[in-house]
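Heads up, the thing below is written out as structure tokens.
Residue numbers (my numbering), protein chains in the order written: chain A, 1 to 268; chain B, 1001 to 1476.
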């Protein structure tokens, strides 16, 4: 029986099929649970981050925020704040998610990793759609130039998503054993926001500050997205290998922590 | 086949590590049904979770060459914000099943009607249980894990469940854990006892159950030392809880029930009496005890038991027909010595039970035991504890027998009050409610230890406070 729904060992392809099926079921369940069927339902998935970004864009436009370049402020806010949502919402949703879904551990096909991954995918989808839709909207009504190098935007976006996903899963796994993770994440993410490069260009900082700020991996992703969108004008400074290595380390930590957690988790 | 080899499970807690399972090994073949007996917290559910694969053992290997269900009828996996239908859809997806087909089955089986389209949050606990069981049945497994399914739903639903599990799926393997030993006896082919983290397999239920009873009997259950329970009903309620949580009590009454169902009155009497010896303030089994001694024509004992049942809170209506029969056989007038029900208010106003009489006889007369007729005589004549203590204090010759001394039965009525002094003193304090220093009740109780004048000592300590007749007696 090639398609048995049970996890009697049947090889990698089978396992993969089970995994994908479980992820799909979890995604639908998460979406339904979170957004329900009322009013616009699952559209909230990206309507919510869109509202955030719109709000910030309006605010920065109104206050004519100083960001150290001649870039249009709408474009600046869109690229900056969308990136923040990307890396910040994933940990926010994944922390504590296992506790809420402990009972699901009774279904042997559902692994700890699946629960984290389902939420990561959902957040990634929401932030990405919000970014894409707002970008299209702004371009089509003429307040934003289309990106100069869409592939670079794409690559930068995914490097940031990789960072966010690894961080989310690592913290998610840690939070199951250490409650303090949940408490610390909120202040931590707020402090990280101004340091993430969302509100300024690195090139506009004094040299000494640049040195420091470039230790923050997120900055590299944000700068890369900006360069993809604005080209030369963004005067971006970033180091892909640095971000990639950082992400790899974070991913390893996440995988190790999930592995450790999986052998200890006690279903409700 | 499921093969469990040398499995250990240790939980780390704040107080150190808790060795829940050690050295557990067994094999379960297709079609075999394993029933596991063990007290609360013995690790039964943990073992089931390990077998299901939801949790990993600390060491040891569990291999499954057949598909194993999740613990059956387990409702916790519901997402409460989702509708019953959504939950069916989720499970169908996880196990790659036809949703429409499953939905039709659940609709028919769980009988939830339009509620299936409402969030599970709005369901009653019975509805949740029905949904959970129906969902468990939509996926076919080679081995089913059943954790306390016996407690679910009304009788008709229970029957439906039994049909689905034991008729339609008679060829499957099962692991069943239940508090209901009869359920395990009736549905399993092999048995195991889980006690003190050890797993002992048996082929015969009777052997397993009697070994289990022996293991449990050695376990000490702490006596409640809480004295500050002013009113009688709450005192009795606390004691009732204690009895249903006491595995020893449950085993004894279970065996008593089985003997009763076979019509073996004598054995039933022995088992019930052993149980009531552990928890003499439990009410329902006093009535049961009454029935089995009445069947043996021991009318004095039966009358005591029925009076006990009422004094401890069984409604008079439930007992009266039997009581009437018992009185008729003794040619006694029911009007003259009516049943006294448990009422509201202070202990002093409540009717005494035989255990109260035993404790008071020890305190007032210094006697270790009373026989049945003596006990019954006191019960008949005293409708309240206040009266009882008054007449015990004033009646120096102790008895004017109105009940015939026809039987001289043994336990539990003639069983001596607990030899350990502090136990009966605690019971006495629970009755008399002296003002104690609750920060150190042991020391407070110790002051009453000397038998001579224990009653007056307690009265001086503020005991028997609103006992009108007793107080009168001591005023003069």
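Just so you know, even glycine gets a beta-carbon here, dropped at the ideal spot from N, CA and C.
Query                                                                                                                                              : Result
Three-state secondary structure assigned by DSSP to residue 1203 of chain B                                                                        : coil
Cβ separation of residue 1208 of chain B and residue 1191 of chain B, assumed to be a contact under 8 Å, to the nearest whole Å                    : 4 Å
Close beta carbons around residue 250 of chain A, own chain, < 8 Å, minus the five adjacent residues each side                                     : 163, 166, 167, 170
Closer than 7 Å at the beta carbon, the chain B residues around residue 24 of chain A                                                              : 1093
Sequence-distant residues of its chain with Cβ nearer than 8 Å to residue 1145 of chain B (five each side left out)                                : 1048, 1051, 1052, 1068, 1069, 1070, 1071, 1072, 1174, 1175
For residue 1248 of chain B and residue 1314 of chain B, the rounded distance between their alpha carbons                                          : 23 Å
Beta carbon of residue 128 of chain A nearer than 8 Å to that of residue 1081 of chain B                                                           : no
Chain A residues whose Cβ lies nearer than 8 Å to that of residue 1090 of chain B                                                                  : 25, 28, 29
Helix, strand or coil at residue 1060 of chain B according to DSSP, with G and I counted as helix                                                  : strand
Length of the line joining the Cα atoms of residue 1056 of chain B and residue 1063 of chain B                                                     : 12 Å
Helix, strand or coil at residue 1109 of chain B according to DSSP, with G and I counted as helix                                                  : helix
Reduced DSSP secondary structure (H/G/I, E/B, other) of residue 1332 of chain B                                                                    : coil
Best match in B:1428, B:1391, B:1298 for proximity to residue 1372 of chain B [C-alpha to C-alpha]                                                 : B:1298
Whether residue 1132 of chain B touches residue 108 of chain A by CB criterion (8 Å)                                                               : no
First through last residue of the alpha helix (DSSP H) which encompasses residue 1272 of chain B                                                   : 1265-1278
Paired residues, beta bridge with residue 1028 of chain B - DSSP                                                                                   : B:1002
Contacts around residue 1109 of chain B, its chain only, beta-carbon distance under 6 Å, and the 5 residues preceding and following it disregarded : 1134
Where the alpha helix (DSSP H) containing residue 116 of chain A begins and where it ends                                                          : 112-140
The beta strand (DSSP E) enclosing residue 1071 of chain B, as first and last residue numbers                                                      : 1068-1071
For residue 1017 of chain B: DSSP bridge partner residues                                                                                          : B:1012
Buried/exposed call for residue 1007 of chain B, threshold 16 Cβ in 10 Å                                                                           : buried
Neighbour flag for residue 1054 of chain B against chain A, beta carbons, 8 Å                                                                      : yes
Straight-line gap, residue 1275 of chain B to residue 1260 of chain B (C-alpha atoms, nearest Å)                                                   : 14 Å
Those residues which DSSP pairs with residue 1145 of chain B across a bridge                                                                       : B:1071, B:1175
Any 3 or more C-beta pairs closer than 8 Å across the segment 1301-1313 of chain B and the segment 1251-1268 of chain B                            : no
Residue(s) in a DSSP beta bridge with residue 1293 of chain B                                                                                      : In the DSSP output, where bridge partners are listed per residue, residue 1293 of chain B has none listed.
Amino acids of chain B, ordered along the chain, whose beta-carbon sits closer than 8 Å to that of residue 263 of chain A                          : 1056
Which residues DSSP lists as bridging residue 1119 of chain B, in chain order                                                                      : B:1083
Closer than 8 Å at the beta carbon, the chain A residues around residue 1171 of chain B                                                            : Result: empty, since nearest Cβ-Cβ is about 17 Å, beyond 8 Å.
Contact with chain A by residue 1049 of chain B, beta-carbon distance below 8 Å                                                                    : yes
Unbroken beta strand (DSSP E) run spanning residue 1191 of chain B, endpoints                                                                      : 1190-1195
Pair within 8 Å by beta-carbon distance, residue 955 of chain B and residue 1383 of chain B                                                        : This structure gives no information on residue 955 of chain B, because the portion of chain B shown stretches from 1001 to 1476.
Span of the beta strand (DSSP E) around residue 11 of chain A                                                                                      : Residue 11 of chain A -> no beta strand (DSSP E), and no H or E assigned at all.
Alpha carbon of residue 134 of chain A to alpha carbon of residue 78 of chain A, nearest angstrom                                                  : 8 Å
Euclidean distance between Cα positions of residue 1251 of chain B and residue 1018 of chain B                                                     : 26 Å
Opposing strand residues paired with residue 1033 of chain B [DSSP bridges]                                                                        : B:1174
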